[in-house]
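The sequence shown lines up with residues 24 to 103 when you count with this note's numbering.
Here's the structure we're looking at; comments come further down.
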Amino acid sequence: QRALSLAVDGTLGDLTRVEARMGMPAPQSDDPRWSLDLAGGALMDLGCYGLHIMRRFGNPTVVSATATQRTPGVDESCDV
């Protein structure tokens, strides 16, 4: 909350980059988190938290995004 408050009130100046790294051991291949039908993949499993933090700190502009595909339509890793 304190960091967010300092960013929003301008104390930290203009934010030019927010970096969040999250990781965990990969789930088993039959885990529902790899299911396209359930909107599975790294971004929807863990990446959503990093995106939420970035959005809370302002109105970011995505300048690049890459993903590693595990199966068609399901990402194994992503960088935004």
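The C-beta atom is built at its ideal place from N, Cα and C for all residues, glycine as well.
These numbers come from a predicted model, not from an experiment.
Could you pull the start and end residues of the beta strand (DSSP E) that residue i belongs to?
i, result
"Arg93", "Thr89 to Thr94"
What does DSSP give as the partner residue(s) for residue i in the beta ladder?
i, result
"Asp102", "Thr89"
"Val31", "Answer by DSSP bridge pairing: none, since Val31 is not bridged."
"Val97", "Thr94"
Closest by CA to residue i, which one among the options?
i, options, result
"Thr34", "Ala26, Val41 and Ala65", "Ala26"
"Pro95", "Gln51, Asp60 and Ala49", "Asp60"
"Gln24", "Thr89, Ile76, Gln92 and Gly70", "Ile76"
Taking the straight line between their C-alpha atoms, what separation do you get for residue i and residue j?
i, j, result
"Glu99", "Gly36", "34 Å"
"Asp54", "Asp32", "43 Å"
"Met67", "Ser28", "27 Å"
"Ser58", "Val86", "28 Å"
"Ser52", "Ala65", "13 Å"
"Arg78", "Met45", "17 Å"
How would you write the range of the alpha helix (DSSP H) that residue i sits in, first residue to last?
i, result
"Met77", "Cys71 to Arg79"
Who are the Cβ neighbours of residue i in its own chain at under 7 Å, not counting the five residues just before and after it?
i, result
"Phe80", "Leu27, Ala30, Leu38 and Val41"
"Gly70", "Cys101"
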